[in-house]
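Chemist: Handing you this structure, nothing more for now.
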Amino acid sequence: MTIEIGETAITLRTGSSEFNRLVRERYSGFINDGRRQQHELEIDLVEGGVAVDLDEDLEVSVDGKHWSMRRGDFRACWNAEDGCGSVHQPSSPYAIDSVLRIIHSLLLADRGGFLLHAASAIRNGSAFLFAGLSGAGKTTISRLAPPDTALLTDEISYVVRKNGRYFAYGTPFAGELGRAGENISAPVKAVFLLNKGPQNCIEDVHDTEAVGSILRNVLFFARDHQLVSRVFNTACEFVNQVPVCRLTFFPDERVWNIIG
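Each number in this note's numbering comes from the position in the sequence shown (counting from 1) with 284 added on.
Shown next as structure tokens:
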């Protein structure tokens, strides 16, 4: 089974028909078995329960081109040169969901893109991103979107540099809405840093603050100097091209009148 997100395809190999069914249901809008294989993950399922510490925090480490990932519910490795790896996990879609986020963050760093802790949506042919940590209003702004808006995600936005422009792609990584985004893309017109307030207003943000805000919301799990430097440069290039503003909003549908 091949899962394609942001034009990047990762084929999952598993001998379990039940796990295959669970993953197909979770990523239903992003399954593309006809896509030429780019990357591959071998799934090794734990039999008889989880034999790992569920309280263990995520750790990601690198040795050359070899990445290691571990958390309470999985162990995984990834060869960046060959584009293949393996995952040792229980028969649950949550572990593979986390592994895919980590691998996509690594792959995006090489493409001049990133995963952003932000909701995103397409309206009138342009994508808008709404960045903020938990409680900032990402799910609220998504729920308030008018009918002519296509939701890409209410949690993790997928940003790719393509032909000199930045595009936002739909992802299956859902937040509080509990549903995947639409599997479409559009050029990014603006990023809004979310604040809740008594009235709706948009304020300009200085480039220095904008870069800092983007970096604070980038999902990047690797402690590797070269990749961290690459992500920093990408954030600077992104801010040079895409407006970043502060959006203070009162939670009703009128806020979309000033968004676009």
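Every residue, glycine too, gets a C-beta built ideally from N, C-alpha and C.
Are the Cβ atoms of residue 380 and residue 495 separated by less than 8 Å?
Modeler: Not a contact, by the Cβ cut-off of 8 Å.
Chemist: Looking at C-alpha atoms only, which residue of 441, 487 and 383 is the closest neighbour of residue 542?
Modeler: Selected option, being the one with the closest Cα: 487.
Chemist: So, for residue 333: in the same chain, excluding its five sequence neighbours on each side, which residues have a beta-carbon less than 6 Å away from its beta-carbon?
Modeler: Only weak support is given to the placement of residue 333: the predicted model assigns it a pLDDT of 48, under 50, and the value that follows is read from those uncertain coordinates. Excluding sequence neighbours, residue 333 sits near nothing in its chain.
Chemist: Per DSSP, which residues does residue 410 bridge with? Please list them.
Modeler: For residue 410, which the question treats as bridged, DSSP gives the partners 407.
Chemist: Considering only C-alpha positions, which residue in the set 297, 472 and 293 is nearest to residue 412?
Modeler: Ranking 297, 472 and 293 by Cα distance to residue 412 puts 472 first.
Chemist: Whole angstroms are fine: how far does the CA of residue 531 sit from the CA of residue 298?
Modeler: One C-alpha to the other measures close to 44 Å.
Chemist: Do residue 369 and residue 325 have their beta-carbon atoms positioned less than 8 Å apart in this structure?
Modeler: Yes.
Chemist: Tell me where the alpha helix (DSSP H) around residue 496 begins and ends.
Modeler: Its alpha helix (DSSP H) spans residues 491-501.
Chemist: Just to confirm my understanding: we take residue 367, look at its own chain, exclude 5 residues before and 5 after, and list those with CB closer than 8 Å. What are they?
Modeler: For residue 367, where only same-chain residues beyond five positions count, the Cβ hits under 8 Å are 322, 323 and 324.
Chemist: In whole angstroms, what is the alpha-carbon distance linking residue 452 and residue 444?
Modeler: Roughly 7 Å between the two C-alpha positions.
Chemist: Within 10 angstroms of the Cβ of residue 378, are there 16 or more other Cβ atoms? Answer buried if so, exposed if not.
Modeler: Result: exposed.
Chemist: Quickly, what does DSSP pair residue 453 with across the bridge? List them, please.
Modeler: Answer is 442 and 469, bridged to residue 453.
Chemist: Count the other CB atoms within 10 Å of the CB of residue 302; is the residue buried (16 or more) or exposed (fewer)?
Modeler: So residue 302 ends up on the exposed side.
Chemist: Which of the three DSSP states is assigned to residue 422 in this structure?
Modeler: Helix.
Chemist: For residue 421, is the classification buried or exposed, using 16 other Cβ atoms within 10 angstroms of its Cβ as the cut-off for buried?
Modeler: By the 10 Å Cβ count, residue 421 comes out buried.
Chemist: Compare the Cα-Cα distances from residue 491 to each of 344, 477, 433 and 503 and report the closest residue.
Modeler: The residue with the shortest Cα to Cα distance from residue 491 is 477.
Chemist: Nearest to residue 537 by alpha carbon, out of 430, 522 and 514?
Modeler: The residue with the shortest Cα to Cα distance from residue 537 is 430.
Chemist: Expressed to the nearest angstrom, what Euclidean distance is found between the alpha-carbon atoms of residue 389 and residue 457?
Modeler: Approximately 13 Å between the Cα atoms of the pair.
Chemist: From residue 433 to residue 402, what distance separates their C-alpha atoms?
Modeler: Roughly 16 Å between the two C-alpha positions.
Chemist: Under the rule that 16 or more other beta-carbon atoms within 10 Å means buried, what is residue 342, buried or exposed?
Modeler: Residue 342 comes out exposed.
Chemist: Residue 302 by DSSP, collapsed to three states: which one?
Modeler: Correct three-state label for residue 302: helix.
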